[in-house]
């Protein structure tokens, strides 16, 4: 997924899909993921999880100290998107009901990974393959899993 708090590939269609599905929603992330953005992403409410008690963020962002509190500050009966990093993904697997994943068909050096998806617990309901092209260095697929 990442290395040194940065993405390890540049896939414009993946960025477009991410923007399309998260715009207008609450996005939950760890502090390092938040700090990897040059500025807050437009038209989304950022919920940042950190243990730093005096962590300051731009107006409109919310800071909490646990995944449980992050979920509590989000609106009920609306989609909430957990967007990283690796530890936040790991913690959220037990409570998630859907996974929107981009699988990139390469094996670069990385230090952050998405947790293993147990196919006894998750069912693949959507798959869309994208071959590499002038704008995309790697083949990739958009995958949607729902809890079985």
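Residue numbers (the working numbering): 1 to 148.
Note that the Cβ used here is the ideal one computed from N, Cα and C, for glycine as well.
How about residue 27 and residue 114: are their beta carbons less than 8 Å apart?
-> no
In whole angstroms, what is the alpha-carbon distance linking residue 72 and residue 20?
-> 24 Å
CB contact flag (residue 102, residue 37, <8 Å) | no
Please classify residue 112: does DSSP put it in a helix, a strand, or coil?
-> strand
In three-state DSSP terms, what is residue 66?
-> coil
Would you call residue 125 buried or exposed, if buried means 16 or more other Cβ atoms sit within 10 Å of its Cβ?
-> exposed
Looking at C-alpha atoms only, which residue of 138, 57, 61 and 91 is the closest neighbour of residue 45?
-> 61
Delimiting residues of the beta strand (DSSP E) encompassing residue 31 = Looking at the DSSP string, residue 31 is not in any beta strand (DSSP E); the run it does join, the alpha helix (DSSP H), is 31–35.
Local Cβ density within 10 Å of residue 95, reported as buried at 16 or more and exposed below that | exposed
Cα-Cα separation between residue 105 and residue 116, rounded to whole angstroms | 16 Å
What does a CB cutoff of less than 8 Å around residue 24 pick up in its chain, not counting 5 residues either side in sequence?
-> 43 and 44
Endpoints, alpha helix (DSSP H) assigned at residue 15 = 12–22
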